[in-house]
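Taking it in order: structure first as structure tokens, then the write-up.
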Amino acid sequence: MDTIKLYFRSMGMLLKSQLQYPASFFMQTLAQLVMEGGEMLAVILIVDRFGQLGHWMPGDLFFFFGMMSVTFYMTEIFGRGVTGNFPSLVRTGQLDTLLLRPRGVLTQVLCSAIDPRRITCIAVGVTALIIGSNMSQVQWTVLKALALAESILLGMLLVLGLFLIEAVFCIHSVKSVELVNAITYGGRSACQYPIDIFPRPLRVLFTVIAPFALTLHVPAAYILSKPLYGWPDWTAFVTPLAGAVLFGIMYLVFQKAMQFYRSTGS
């Protein structure tokens, strides 16, 4: 409980410090809005050009896009320390100071950065969710609302677990490995669309290795009343656990990798 309290206190301090320069914060936030708006524009163009992808209608595509955007950028807001700060902490040797403190390394890394600029990306995602829900005429129930909440929360754990892969590589190679971005940011771009429209190798990649399909797509398909792969409805409440499992595995791998850390500082 103390750790959670410390985390939110750190987030508050970091947010307050960033807001000391409101003009800069506003311009950077606006830039994020333009970038994410461009991603949503791609969905609009696909809908306008093709009408549908496979058996997925325009509203379905907006819904998938919205779920991925909200999940990914929520993780980037609160997990920025892992994806943004960790490589520089290793490269400069500042990670040494974290080892001397009584809190866990991962906790301190998460407390080291926040990226509130992503709030506009989340706003775009929420807008896409609302548009998709209305266009697809989703009949909301308590179970569907729970499936959406579970999917987003466990999806955040999945994304954070994937970010930890880069952290593990940094411990051994000092610098971040761009190949990891093919799974994280590449996965975000690909899995904004239903997984079953892709060829088999990509379906395997994003179902087994980086299980975006299990964590996000199966619940989304259940909410849209179009079960993915014809799986029964109850799987929508079980498959998102893949996100928690991957995070748990990567947390253990990260802890093991820290045993091999050697300072790079002077």
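Residue numbers (my numbering): 84 to 349.
No residue lacks a Cβ here, since even glycine has one placed at the ideal position from N, Cα and C.
- For my contact list, Phe246 and Val321 are in at a C-beta cut-off of 8 Å; report their separation, rounded to the angstrom. As a first step, residue 246 must be located in the sequence shown, where it is residue number 163. As a first step, residue 321 must be located in the sequence shown, where it is residue number 238. 24 Å between Cβ atoms; not a contact.
- Query: Along the chain, where does the alpha helix (DSSP H) that runs through Pro141 open and close?
  - Reply: What you label residue 141 is simply residue 58 of the sequence shown in a count that begins at 1. Element bounds for Pro141: Pro141 to Phe161.
- Message: Closer than 8 Å is the cut-off here; do at least three beta carbon pairs connect the region 204-219 with the region 143-160?
- Response: yes
- Query: Near Thr267, what residues of its chain come up, given a Cβ to Cβ distance below 6 Å and the 5 sequence neighbours on each side ignored?
  - Reply: As a working note, residue 267 is residue 184 in the sequence shown. Correct list, in chain order: Leu245.
- Message: With distance defined between alpha-carbon atoms, name the residue in Val192, His300 and Gln338 nearest to Gly167.
- Response: If you number the sequence shown from 1, residue 167 lands on position 84. The option with the nearest alpha carbon to Gly167 is Val192.
- Can you name the residues that DSSP bridges to Leu136? The residue given as residue 136 occupies position 53 in the sequence shown. Partner(s): Trp139.
- Item | Selected residue, minimal CA-CA separation from Leu241, among Gln177, Met151 and Gly95 | Counting from 1 along the sequence shown, the entry for residue 241 is found at position 158. For Leu241, the nearest C-alpha among the options comes from Met151.
- According to DSSP, is Leu285 helix, strand or coil? Counted from its first residue, the sequence shown places residue 285 at position 202. Three-state DSSP puts Leu285 in a helix.
- Residue of Met96, Leu226, Pro185 and Phe337 minimising C-alpha distance to Cys194: By 1-based counting over the sequence shown, the position of residue 194 is 111. Closest by alpha carbon: Met96.
- So Ile306 and Ala211 are in contact, right, with Cβ under 8 Å, and what is the actual spacing, rounded? The sequence position of residue 306 within the sequence shown is 223, counting from 1. The sequence position of residue 211 within the sequence shown is 128, counting from 1. That pair is no contact at about 14 Å.
- Answer with buried or exposed for Arg275, where buried requires no fewer than 16 other C-beta atoms within 10 angstroms of its C-beta. For the purposes of this step, residue 275 is taken as the residue at position 192 of the sequence shown. A small fix is needed here, since residue 275 is Gln in this sequence, not Arg. Buried.
- Might you give, ordered along the chain, the residues of its own chain that have their beta carbon closer than 7 Å to the beta carbon of Met123, omitting 5 neighbours on each side? Working through the sequence shown from its first residue, we reach residue 123 at position 40. Counting only Cβ-Cβ distances below 7 Å, and skipping sequence neighbours, we find Phe148, Val207 and Ala211.
- Identify the continuous alpha helix (DSSP H) that holds Gln338 and give its terminal residues. Taking the first residue of the sequence shown as position 1, residue 338 is located at position 255. Unbroken alpha helix (DSSP H) run through Gln338: Leu324 to Met341.
- Query: Quick one: is Arg186 buried, meaning 16 or more other Cβ sit within 10 Å of its Cβ, or exposed?
  - Reply: Taking the sequence shown and counting its residues from 1, one reaches residue 186 at position 103. Exposed, by the Cβ-count rule.
- Query: Buried or exposed: which applies to Ala319, given that a residue is buried once 16 or more other Cβ atoms fall within 10 Å of its Cβ?
  - Reply: If you number the sequence shown from 1, residue 319 lands on position 236. Answer is buried; the Cβ neighbour count reaches 16.
- Would DSSP call Asp198 helix, strand or coil? As a working note, residue 198 is residue 115 in the sequence shown. Three-state result, Asp198: coil.
- Message: Please classify Ser171 as buried or exposed, where buried requires at least 16 other C-beta atoms within 10 Å of its C-beta.
- Response: Taking the first residue of the sequence shown as position 1, residue 171 is located at position 88. Flag for Ser171 reads exposed.
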